[in-house]
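Presented below is the structure to which this report refers.
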Ligand code: SAH
């Protein structure tokens with residue numbers, strides 16, 4: 078229980094149950110549907126000091142779990158006990174995002190910047206603003222900008238594949254780092270002719286290109302495909318980039334009887350809330366049905382959902398229905414999630430959002 082009467086936005090508050098028993102310390106938001114986010118089960122005397130320690134622990138954890146990459150999520154909000162803070166690393170650049178009133182306070186911003194600067198010695202740190210989040214948190218509008226240093230472009234690598242990164246362009250905080258280990262898995266299974274649907278800047282496509290005789294990547298965003306083409310050139314691969322609505326293209330290709338050995342489906346989150354779960358599942362089913370139809374015997378489908386509201390069980394059920402409609406037996410080769418720099422915190426189900434099934 079928290080009594081919110083005179084509590085200022087972003088305050089550090091004690092949390093107690095209805096009988097007054099102390100439960101821990103939280104950061105308060107006056108405007109969010111999530112009024113408090115727990116930061117410690119104990120008392121917090123020195124919040125900046127605690128934030129520094131949490132950043133150090135987050136960095137130490139990544140050193141334990143990462144392989145073959147200089148691009149990863151350094152801080153993942155609740156999963157790193159730093160609610161409202163996201164930090165990504167792309168080689169020598171860091172990008173951070175503030176999601177709550179508390180993390181937006183000037184003292185905490187300064188603490189975060191100085192700790193990241195001291196520990197990771199980046200060439201530059203960029204703030205990536207999500208205007209919608211700032212509106213919801215009733216924070217003043219801000220533009221994405223350099224918070225430290227001058228550099229905003231770099232090249233980073235995942236599993237030996239190289240990518241351009243421009244810190245002041247692109248969606249989210251740049252690339253989809255949560256898919257990094259799924260790229261490597263897709264590459265292991267990929268062969269023959271491949272189709273990467275919702276390819277963005279070519280994350281899956283360029284991994285598939287290491288194994289496949291031909292790769293086509295589909296996305297509706299021209300600017301994403303332009304970066305994808307630069308990424309292909311950087312790695313010396315040829316990929317066919319197709320600017321199209323994936324739903325239309327899959328319908329046309331499936332109707333025309335096209336066949337592939339490897340297909341990737343990685344759509345944006347269809348279920349933004351529990352309310353549109355049914356509609357979202359229909360969308361997933363349509364895509365997966367068409368992809369399965371186009372899969373050659375023995376082919377592999379790598380199919381993803383980043384909607385938290387679609388559970389792993391829902392997703393498996395949807396796939397099973399799609400296969401059932403086609404009277405096609407389907408084996409689950411692997412059930413995968415997000416890469417371990419986006420840790421899942423047990424007891425906080427919202428931190429487990431990415432599903433990636435490899436089926437054949
Ligand atoms: N697979 C990518 C990430 C995909 S993000 C990677 O690993 O990097 C989702 C992508 O879907 C975005 O690039 C977005 O532009 C694209 N997209 C959204 N709606 C689409 C549609 N109807 N048809 C095609 N692409 C779409």
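Numbering (this note's numbering), first residue to last: 78 to 437. Beta carbons: idealized from backbone N, C-alpha and C, even for Gly. Owing to the predicted nature of the structure, the values given are computational and were not obtained by experimental measurement.
Beta carbon of residue 280: closer than 7 Å to some heavy atom of the ligand SAH?
Yes.
Leaving out five residues on either side along the sequence, give the residues of the same chain with a beta carbon under 6 Å from the beta carbon of residue 299.
Excluding residues within five positions, the ones whose Cβ falls inside 6 Å are 320.
Just checking my contact of residue 89 with residue 101 at CB under 8 Å: how many whole Å lie between their CB atoms?
Going by Cβ atoms, the distance from residue 89 to residue 101 rounds to 11 Å, so no, they are not a contact pair.
Please list the terminal residues of the continuous alpha helix (DSSP H) segment that includes residue 311.
299-312 is the span of the alpha helix (DSSP H), which, as asked, contains residue 311.
Where does residue 259 fall in DSSP's three states?
Correct three-state label for residue 259: helix.
Sorry if obvious, but does the Cβ on residue 298 come closer than 7 Å to a heavy atom of the ligand SAH?
True, at least one ligand heavy atom lies under 7 Å from that Cβ.
Would you please state the rounded distance, in angstroms, between the beta carbons of residue 323 and residue 295? I believe it to be under 8 Å.
6 Å between Cβ atoms; contact.
Determine the DSSP secondary structure at residue 367, reduced to helix, strand or coil.
Looking at residue 367 - three-state DSSP - the assignment turns out to be helix.
Nearest to residue 205 by CA position, among 164, 279, 277, is which residue?
The residue with the shortest Cα to Cα distance from residue 205 is 164.
Counting Cβ pairs, one atom from each stretch, are 3 or more of them under 8 Å apart for the region 222-230 and the region 384-395?
Result no; under three Cβ-Cβ pairs closer than 8 Å.
Return the residue from the list 116, 96, 141 that minimises the CA-CA distance to residue 131.
Here the closest residue by C-alpha is 116.
With DSSP as the reference, identify every bridge partner of residue 291, one or two as the case may be.
Residue 291 pairs with 270.
Pull up the CB-CB distance for residue 305 and residue 290, whole angstroms please, since I reckon it's below 8 Å.
Not a contact, Cβ separation roughly 19 Å.
By how many angstroms is the C-alpha of residue 365 removed from the C-alpha of residue 293?
About 17 Å.
Using 8 Å as the threshold, is the region 423-434 in touch with the region 369-381, meaning 3 or more CB pairs across them?
Taking 8 Å as the limit for Cβ pairs, the verdict is that the region 369-381 does touch the region 423-434.
Beta-carbon separation of residue 263 and residue 341 under 8 Å?
A contact, by the Cβ cut-off of 8 Å.
Could you check whether the Cβ of residue 274 sits closer than 8 Å to any Cβ belonging to chain C?
The structure shown contains no chain C; it is built from a single protein chain.
Give the list of continuous alpha helix (DSSP H) stretches no shorter than 4 residues that lie fully inside the region 120-150.
List check, alpha helix (DSSP H) in window: 124-142.
Under the criterion of a Cβ to heavy atom distance below 7 Å, does residue 330 qualify as lining the ligand SAH?
Every heavy atom of the ligand SAH is 7 Å or more from the Cβ of residue 330, so no.
Provide the residue(s) that pair with residue 380 in DSSP beta bridges, ordered along the chain.
Looking at the DSSP assignment, residue 380 forms a beta bridge with 342, 434.
Taking residue 52 as part of the alpha helix (DSSP H), name the residues at either end of that continuous run.
Outside the shown range of the chain (78 to 437) lies residue 52, about which nothing can therefore be said.
Let me know the alpha helix (DSSP H) ranges lying completely inside the region 158-196, each 4 residues or longer, listed in chain order.
DSSP runs (the alpha helix (DSSP H)) wholly in the region 158-196: 178-181.
Taking the straight line between their C-alpha atoms, what separation do you get for residue 141 and residue 83?
Those two C-alpha atoms are separated by around 43 Å.
What distance in whole Å lies between the Cβ atoms of residue 315 and residue 309, which are believed to be in contact at a cut-off of 8 Å?
That pair is a contact at about 7 Å.
DSSP puts residue 337 in a beta bridge; with which residues?
Answer by DSSP bridge pairing, in chain order: 372.
Under DSSP, the alpha helix (DSSP H) around residue 327 begins and ends at which residues?
Note, residue 327: alpha helix (DSSP H), 323-332.
Quick one: any contact between the region 249-258 and the region 350-358, if contact means 3 or more CB pairs under 8 Å?
Touching, no, given that fewer than three Cβ pairs across the two stretches are closer than 8 Å.
Assuming residue 413 is part of the alpha helix (DSSP H), what are its boundary residues?
No alpha helix (DSSP H) contains residue 413, which is instead part of the beta strand (DSSP E) from 409-413.
Roughly how many angstroms separate the alpha carbons of residue 508 and residue 284, rounded to a whole number?
What the structure shows of the chain is the stretch from 78 to 437, and residue 508 is not part of that stretch, so it cannot be assessed.
Can residue 129 and residue 149 be called in contact, C-beta distance under 8 Å?
No, Cβ-Cβ distance for residue 129 and residue 149 is not below 8 Å.
Would you report the Cα separation of residue 127 and residue 174, rounded to the nearest angstrom?
So the alpha carbons of these two residues sit roughly 19 Å apart.
Which class does residue 94 belong to by DSSP, given the choice of helix, strand or coil?
Correct three-state label for residue 94: coil.
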